[in-house]
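Step one of this worksheet: look at the structure below.
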Amino acid sequence: MGKRIIDLKTEDTLYIGDVKVQLIKKSGQLARICVEADNHIEIKHERMSASNPDVETQAHGKHTL
0 MGKRIIDLKT EDTLYIGDVK VQLIKKSGQL ARICVEADNH IEIKHERMSA
50 SNPDVETQAH GKHTL
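For the record, in the sequence shown the residue sitting at position 37 is 36 according to numbering that gives the first Met the number 0, with numbers rising by one throughout.
Have a look at this one:
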């Protein structure tokens with residue numbers, strides 16, 4: 000598995016395959032992003048700062064945009 004570290008400015012867009020990720024807003028350690036992907040692509044959100052990661056994992060599954 001490859002790894003990339005990419006710095007984005009507000010309104011920058013990153014394409015990962017057919018998935019579009021855009022940085023909407025950044026404030027302190029919080030960033031708001033917009034993810035546009037086909038409905039069959041599963042999107043997961045895992046909050047790494049949680050004491051129990053199972054509690055903080057959110058699976059968005061098959062999403063509608």
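Note that beta-carbon positions come from the ideal geometry of N, C-alpha and C, so glycine has one too. All values derive from a computational prediction rather than experimental measurement.
Legend entry - Beta-carbon contacts of Ala36 that lie in its chain and below 6 Å, excluding the five residues immediately before and after: Walking along the sequence shown from the start, residue 36 turns up at place 37. If the five residues before and after Ala36 are omitted, its C-beta is found closer than 6 Å to the C-beta atoms of Val18, all from its own chain and listed in chain order.
Legend entry - Short Cβ contact (8 Å threshold) for Leu29 with Glu10: Residue mapping note: residue 29 aligns to position 30 of the sequence shown, counting from 1. Residue mapping note: residue 10 aligns to position 11 of the sequence shown, counting from 1. Cβ atoms of Leu29 and Glu10: not closer than 8 Å.
Inset, instruction - Could you give the DSSP three-state label for Arg46: helix, strand or coil? - result: Taking the sequence shown and counting its residues from 1, the one referred to as residue 46 is at position 47. In this structure, Arg46 counts as coil in the three-state DSSP scheme.
Inset, instruction - Starting from the C-beta of Lys8, find all residues in its chain whose C-beta is less than 8 Å away, skip the five residues before and the five after it, and write them out in chain order. - result: If you number the sequence shown from 1, residue 8 lands on position 9. Same-chain partners within the cutoff: Leu22.
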